[in-house]
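Trainee:
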Amino acid sequence: MKQIIEFRKKKLKELRDMGINPYPYKFDVSHVSQNILKNFKLLKGESVSVAGRIVSLRKMGKASFFHVQDQDGKIQIYIKKDNVGEEQYALFKLLDMGDIVGISGKVFKTKTEEISIATDEVTLLSKSIQPLPGSKEKDGEKYSAFANKEHRYRHRYLDLVVNPEVREVFIKRSKIISSIRNFLDSHGYVEVETPVLQPLYGGAFAQPFKTRHYALDQDLYLRIADELYLKRLIIGGFTRVYELSKVFRNEGMDRNHNPEFTMLEFYTAYVDYFYLMDFVESLIKHCAEVLGIKTLSAGDEEIDIFQPFQKASYFELLEKAAGLDISTFDETQLKELCKEHNIALEENAHKGRMYDVLMREFVEPELIAPTFVMDYPKVISPLAKIKRNGDGSIVERFELFMGGNEIANAFTELNDPVDQRIRMEEQSELRKSGDLEAQTLDEDFLKAMETGMPPTGGVGIGIDRLVMLLTGQRSIKDVIFFPALRSQPDD
RNA sequence: GGCCCCGUAGCUCAAUUUGGCAGAGCAGUAGACUCUUAAUCUAUUGGUUGAAGGUUCGAGUCCUUCCGGGGUCACCA
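Everything in the first sequence is counted per our numbering, starting at 9 for the first residue and increasing by one.
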């Protein structure tokens with residue numbers, strides 16, 4: 009390792025002695041590789057210039073081949089001593105895998121029918137002194153691939169250079185996000201920004217990250233949701249707003265959780281959750297359309313995204329799964345039911361918590377085809393409005409499940425300030441009794457709601473999980489460039 | 001946080017079962033080679049076996065602790 013870097017530095021010195029700046033300032037690029045490969049007939053024999061990283065190298069005595077990788081592909085370069093002269097070929101001989109070069113030359117096809125560029129001039133654009141991980145491939149099959157996940161996540165730049173399919177996932181991620189923005193913009197939504205640093209956190213059940221503002225001499229929390237601020241904007245007169253940004257939750261990490269993740273929340277005045285179901289369905293179908301996807305694979309099953317999404321009620325699903333009329337159960341009966349199925353419950357678990365646990369155990373993994381689960385218990389939904397024509401224990405809330413994963417969470421928002429105060433007080437009580445994730449009472453928010461909030465529908469969508477679903481990735485770490493890892497002092 | 005698995009050269013991996021000289025391919029270096037493509041041929045460098053202790057005549061291998069990762073359960077989205 010040390011010796012490789014020494015050799016590279018020696019080459020750097022040789023290059024400088026030849027009067028070559030190994031780190032020049034610019035290079036004029038006329039074409040990208042994919043463009044040349046697609047338009048060979050037009051470009052055959054034409055002069056082009058490309059730039060990129062050397063990712064394969066077959067040096068021979070007086071003529072050589074290598075591949076240069078640019079933004080979305082790579083192209084073979086042919087360099088012949090007779091064509092470029094002694095000096096240029098000597099420069100070429102000092103190049104290594106990983107160096108960034110500019111090539112100008114003429115487009116042609118080799119004996120073996122590979123579209124290539126015959127070099128007129130090669131320009132070193134950046135000398136690499138750290139070696140790339142070995143990677144060779146034939147017919148798409150990789151040999152000694154760069155596969156160690158930890159190395160890939162810690163050195164994502166290497167992963168991106170060596171594993172082009174990783175780049176594809178992130179290109180798709182970008183497309184999904186821009187298609188969401190386009191969709192919302194074209195439906196009259198205004199993109200807004202609300203505080204990341206908040207004196208009180210709310211809008212979800214989670215523990216926050218805490219930080220300190222020195223000038224204010226005050227503790228602040230990194231937001232766990234955008235909800236309460238976006239509703240303040242609805243109260244202020246905006247009728248359609250969205251925010252697409254990071255939120256932070258101080259909880260365990262695994263295949264489905266990163267401590268910071270990207271969330272979309274949007275709020276629509278004068279609509280209820282029925283409207284939102286249709287809207288979310290169109291939004292997701294729009295993303296799939298932009299990506300050109302028709303089906304998703306979840307385990308062995310193929311899901312048709314363009315089928316109409318199903319709708320089912322929370323308690324119906326739960327009762328069907330358990331074979332019992334659960335909505336009439338009291339706490340003791342629920343506790344026994346959990347016990348029967350070996351589901352662990354914490355000491356202070358309340359009724360809503362038990363519903364939630366049972367749901368997760370019996371129902372959610374079965375929801376493969378896109379399904380809106382409707383009408384949640386009030387106790388686990390302190391910001392949602394009571395179901396019209398109901399008994400008061402159910403709220404108008406839905407979650408969208410696809411492939412067994414929760415993708416969206418939405419309610420007809422509670423806008424009755426008196427009821428909202430009661431619900432927040434209930435959460436406060438739960439908090440006092442030891443539920444660290446119960447929500448805090450936000451007096452300023454209650455005051456805002458007392459000013460009058462229109463009937464409103466609100467949706468939250470976990471973008472990372474949507475991207476996982478639409479790109480077929482099994483780990484959230486594979487849709488986040490730099491996933492959270494414990495820091496390593498050696499690095 | 002609990003449990004299970006893993007960590008050996010720049011990369012991919014052997015050697016761990018049964019303790020006995022730390023190895024291979026690729027990458028690198030030197031040389032040959034004017035249509036190669038996992039280029040080829042010849043020669044060759046490269047190691048604190050994640051870290052620290054312990055057992056032993058002897059530890060990559062056994063034991064303890066720690067560090068890091070993966071999986072899973074719990075919690076959550």
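Just so it is clear, CB atoms sit at the ideal spot from N, CA and C, and this is done for glycine as well.
As the structure is a prediction and not an experimental result, all values here were calculated from the model.
1. With Val115 and Ile123 assumed to form a contact (beta carbons below 8 Å), what rounded beta-carbon distance in angstroms separates them?
2. Am I right that Ile13 and Ile137 are in contact with their C-beta atoms under 8 Å? What's the rounded C-beta distance?
3. Going straight from the alpha carbon of Asp499 to that of Asp78, what length do you get?
4. Once DSSP output is grouped into helix, strand and coil, what is the label at Thr336?
5. On the CB-based measure, 16 or more other CB atoms within 10 Å of its CB, does Phe15 come out buried or exposed?
6. Assuming Thr202 contacts Tyr165 (C-beta within less than 8 Å), just tell me the rounded distance between them.
7. So Leu23 and Pro30 are supposed to be a Cβ contact under 8 Å. How far apart are they, rounded?
8. When you compare the region 260-276 with the region 460-470, are there three or more beta-carbon pairs, one atom per stretch, that lie closer than 8 Å?
9. Based on the DSSP output, what are the partners of Ser41 in its beta bridges?
10. Could you please give the first and the last residue of the uninterrupted beta strand (DSSP E) stretch that includes Asp312?
11. Exposed or buried, which one is Leu477 when buried takes at least 16 other CB atoms within 10 Å?
12. How big is the Cα-Cα spacing for Pro385 and Gly196?
13. Do Asp234 and Glu251 have their C-beta atoms within less than 7 Å of each other?
14. Roughly how many whole angstroms lie between the Cα atoms of Asn258 and Arg439?
15. When burial is assigned at 16 or more other CB atoms within 10 Å of the CB, is Phe48 buried or exposed?
16. Do Pro378 and Gly412 have their CB atoms nearer than 7 Å?
17. Thinking just about the alpha-carbon of each residue, which of Pro139, Ile334 and Arg240 is nearest to the one in Ile62?
18. I need the straight-line Cα distance from Gln11 to Lys18, nearest angstrom please.
19. I'd like the span of the beta strand (DSSP E) that includes His75, first residue to last.
20. Look up Ile87 in the DSSP assignment and give the residues it is bridged to.
21. Identify, in the order they occur along the chain, each residue of the same chain with its Cβ nearer than 6 Å to the Cβ of Asp167, setting aside the five sequence neighbours on each side.
22. Run through DSSP, which three-state label would His159 get?
23. Which of helix, strand or coil does DSSP assign to Lys49?
24. Under three-state DSSP, which class holds Ala329?
25. Is it the case that the Cβ atoms of Ala126 and Tyr97 are separated by a distance below 7 Å?
26. Assign Tyr278 to buried or exposed, taking buried as 16 or more other Cβ atoms, counted over all protein chains shown, within 10 Å of its Cβ.
27. Please work out which residues of its chain come closer than 8 Å, Cβ to Cβ, to Arg473, disregarding the five sequence neighbours upstream and downstream, and give them in chain order.
28. What residue range does the beta strand (DSSP E) around Ser290 cover?
29. Just checking, does the region 423-440 make contact with the region 449-456 on the three C-beta pairs under 8 Å criterion?
30. Start and end of the beta strand (DSSP E) containing Ala320?
31. Please go through the region 198-233 and give each complete beta strand (DSSP E) segment of 3 or more residues, from N-terminal end onward.
32. Select from Glu339, Glu297 and Asp286 the residue whose C-alpha is nearest the C-alpha of Phe317.
33. Does Pro207 pass the burial test, meaning 16 or more other C-beta atoms within 10 Å, or should it be called exposed?
34. Using DSSP with H/G/I as helix, E/B as strand and the rest coil, what is Val371?
35. So for Asp383, helix, strand or coil by DSSP?
Mentor: On the basis of the supplied data:
1. 7 Å
2. 5 Å
3. Annotation note: pLDDT 42 at Asp499 (below 50); position unreliable, coordinate value reported separately. Approximately 28 Å between the Cα atoms of the pair.
4. helix
5. exposed
6. Not really, about 32 Å apart at Cβ, beyond 8 Å.
7. 5 Å
8. yes
9. In DSSP, Ser41 forms no bridge with anything.
10. Glu309 to Asp312
11. buried
12. 32 Å
13. yes
14. 17 Å
15. exposed
16. no
17. Pro139
18. 10 Å
19. Ala71 to Asp78
20. Ser72
21. Arg160 and Val174
22. helix
23. helix
24. helix
25. no
26. exposed
27. Asn264, Asn413, Glu414, Ile415 and Ile484
28. Looking at the DSSP string, Ser290 is not in any beta strand (DSSP E); the run it does join, the alpha helix (DSSP H), is Tyr281 to Leu299.
29. yes
30. Gln318 to Ser321
31. 218-221 and 226-230
32. Asp286
33. exposed
34. coil
35. strand
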